Amino acid sequence: MSQINENEIHDRLKRLSQVEPAKGATDRAMHRIRDTLMSEKAIPKGGTGFQPVRARPGWPCHVLSLKTAFQQGLPQILMKLAAAAVLMISAGFIGGRLSAPEPLDVQELRAVLESSLKSPLEPAIRQEMLAEIENRLQLALADYSDTLKQELGQQVRRDMETYAEQTLTTAGNLIDQRLMGLARMLEAARIKERQHVAAAFDYMGSRFGDSLATLAARRDNQWGAERVSPAPDISEN
Amino acid sequence: MRSRQKELLELLDKSGADLYALLTRLTLREDVAEELMQELFIKLNNSRGIGKVANWDAYARRSAINLAFDWRRTQKKKVLALGQVAEPASNDNSPLGKLIHSEEMAETLDAIGRLKKASREVLVMRYLQQESYDNIAEQLGKTSHQVRALCSRAIRHLRDVLDSNEHKSSKKEIHNVANQ
Chain H
1 MSQINENEIH DRLKRLSQVE PAKGATDRAM HRIRDTLMSE KAIPKGGTGF QPVRARPGWP
61 CHVLSLKTAF QQGLPQILMK LAAAAVLMIS AGFIGGRLSA PEPLDVQELR AVLESSLKSP
121 LEPAIRQEML AEIENRLQLA LADYSDTLKQ ELGQQVRRDM ETYAEQTLTT AGNLIDQRLM
181 GLARMLEAAR IKERQHVAAA FDYMGSRFGD SLATLAARRD NQWGAERVSP APDISEN
Chain G
1001 MRSRQKELLE LLDKSGADLY ALLTRLTLRE DVAEELMQEL FIKLNNSRGI GKVANWDAYA
1061 RRSAINLAFD WRRTQKKKVL ALGQVAEPAS NDNSPLGKLI HSEEMAETLD AIGRLKKASR
1121 EVLVMRYLQQ ESYDNIAEQL GKTSHQVRAL CSRAIRHLRD VLDSNEHKSS KKEIHNVANQ
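Okay, structure coming up:
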């Protein structure tokens, strides 16, 4: 909702329009500006820069602001001085160029410098390069040998493990084979021994059988003879 | 005498008092108005593209309006020392009335300064300088109908700006009271 109505605004604007400066102030301002404009009469177009300090009614001293001075452009005397300075610098430069000795042959200078620098510097640089390369190689080899040792150790360990495993397997097989042979030989020997025993028993049987038969026959004969003769004292036997 | 200076002296004779009064109304300070008037004429004298100006009087008025509102804007940014605060120009003799009126006028001028350039110029020419619509139209290169419409719109905008200012200040007062 509007708090200020248009009448009030018009009233304020009317009051503003009634504000008037004092007559003396107006005259003073007009006089001051007229003075300024009249003093500008002597100034050529583009201005001479800074205003001189001068007394003005109501103002103890008046100096144009720096901004205004720059807007008016540089004073002519400064322009002249600048032009003179430029001319002097140009003349000095040209004189210097003309009086200077002829320029050196750059290629020749370069060749001389190259040769003079190359002879003492080359061996030293070469030596230093070699030392540097050797140093780097040693460092690289040291690193490499460590790695190589580790890899070799691992490889040897792996090979040894494989070899031990294979050896164990082979030895086991051989022992088994030998034990089987031994068992077979023992069996064969036992069989042979049994055969011998059997043969011995057979022989013995055959021998004993005959002997026994003979013995029995003789005993029988003996017994037959005893029946015929008196009986011997048994206690002596 | 250079033609530029001659023209400026003629302008000073013809419109110097009006320009000074305009600057006094817009700055509410005679010393500042005098300083700005000096600056205005120096600028007019040194301006390079001034040869194309057909109406010196209108050009000077518009330049004066711009200078005065530029000054108001710069004044808002810096705090004045006590010795720099000058007595405001006013027709009311009562101290309280002077104070109230000067505050209201400063507020109104600040609000005008926040309007668009065309609205600001038209408002100043019409309501502060009391110029006719035809005269303003001639100075601005517009028709009087356009100037009327511009004036009406400018007043509406000015009211909006003043309203928003009042709203802000009342909120600030409430905030201050609440803090106390």
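Residue numbers (the working numbering), protein chains in the order written: chain H, 1 to 237; chain G, 1001 to 1180.
We put the beta carbon where it would ideally sit given N, CA and C, even for glycine.
Quick caveat, the model's predicted, so the values are computed rather than measured.
- Under the Cβ criterion (8 angstroms, minimum of three pairs), the region 1061-1072 of chain G counts as touching the region 1015-1024 of chain G.
- For alanine 1054 of chain G, no alpha helix (DSSP H) run applies, since DSSP gives it neither H nor E.
- For chain H, the residues of the region 1024-1036 of chain G that bring a beta carbon within less than 8 angstroms of one of its beta carbons are Thr1024, Arg1025, Leu1028, Glu1030, Ala1033 and Glu1034, in chain order.
- The C-beta of threonine 1108 of chain G comes closer than 9 angstroms to at least one C-beta of chain H.
- A residue is called buried once 16 or more other Cβ atoms fall within 10 Å of its Cβ, and threonine 36 of chain H is buried on that count.
- Residues of chain G with a Cβ closer than 8 angstroms to the Cβ of methionine 79 of chain H do not exist, since the nearest Cβ in that chain sits about 17 angstroms away.
- Under the three-state reduction of DSSP output, leucine 104 of chain H falls in the coil class, being neither helix nor strand.
- Cβ proximity to chain G below 8 angstroms picks out Ile9, His10, Arg12, Leu13, Lys14, Arg15, Leu16, Ser17, Gln18, Val19, Glu20, Pro21, Ala22 and Ala25 from the region 7-25 of chain H.
- With a threshold of 16 other beta carbon atoms within 10 Å, isoleucine 94 of chain H falls short and is exposed.
- Three or more beta-carbon pairs separated by less than 8 angstroms are not found between the region 1036-1043 of chain G and the region 1107-1121 of chain G, which leaves the two stretches without contact.
- The alpha-carbon of glutamate 128 of chain H is positioned some 51 angstroms away from that of tyrosine 163 of chain H.
- Taking the beta carbon of tyrosine 1133 of chain G as reference, no residue of chain H falls within 9 angstroms; the closest one sits roughly 15 angstroms away.
- Taking a cut-off of 8 angstroms on C-beta distances, the region 1102-1116 of chain G touches the region 1147-1166 of chain G, as three or more cross pairs fall below it.
- Neighbours of isoleucine 1065 of chain G in chain H, taken as residues whose beta carbon is under 7 angstroms from its own, are absent, since the nearest beta carbon is some 13 angstroms off.
- Pairing alanine 225 of chain H with aspartate 210 of chain H, the inter-Cα distance amounts to about 22 angstroms.
- For the options G:Ala1033, G:Glu1104, G:Glu1103 and G:Thr1027, the alpha carbon positioned closest to that of arginine 1073 of chain G is the one of G:Thr1027.
- C-alpha of aspartate 1031 of chain G to C-alpha of valine 1124 of chain G: approximately 20 angstroms in a straight line.
- Our two residues, glutamate 1034 of chain G and asparagine 1055 of chain G, have alpha carbons roughly 23 angstroms apart in a direct line.
- Less than 9 angstroms divides the Cβ of glutamine 1005 of chain G from the Cβ of methionine 38 of chain H.
- If you draw a 10 Å sphere on the C-beta of threonine 26 of chain H, you find 16 or more other C-beta atoms in it, and that means buried.
- If you draw a 10 Å sphere on the C-beta of proline 21 of chain H, you find 16 or more other C-beta atoms in it, and that means buried.
- No residue range can be given for valine 1124 of chain G, since it is assigned to no alpha helix (DSSP H) and is classified by DSSP as neither H nor E.
- The alpha-carbon of glutamate 1104 of chain G is positioned some 14 angstroms away from that of glutamate 6 of chain H.
- Listed along chain H are Ser17, each with a C-beta nearer than 7 angstroms to that of glutamine 1130 of chain G.
- Residue burial annotation: phenylalanine 1069 of chain G is buried, with at least 16 other C-beta atoms found within 10 angstroms of its C-beta.
- Straight through space, the alpha carbons of leucine 168 of chain H and aspartate 159 of chain H are spaced by roughly 14 angstroms.
- Arginine 194 of chain H and glutamine 177 of chain H have their C-alpha atoms roughly 25 angstroms apart.
- Identification of chain H residues near methionine 1105 of chain G by a Cβ-Cβ cut-off of 9 angstroms yields Arg12, Arg15, Leu16 and Val19, ordered along the chain.
- Counting along the chain, isoleucine 9 of chain H sits inside the alpha helix (DSSP H) bounded by residues 6-17.
- By the Cβ-count criterion, threonine 1108 of chain G is buried, with 16 or more other Cβ atoms from all chains shown falling within 10 Å of its own Cβ.
- The continuous stretches of alpha helix (DSSP H) do not include lysine 1116 of chain G, and DSSP gives it neither H nor E.
- What methionine 30 of chain H touches in chain G, judged by beta-carbon distance under 8 angstroms, is Leu1012, Gly1016, Ala1017 and Tyr1020, going in chain order.
- One alpha carbon belongs to alanine 216 of chain H, the other to glycine 205 of chain H, and they sit about 15 angstroms apart.
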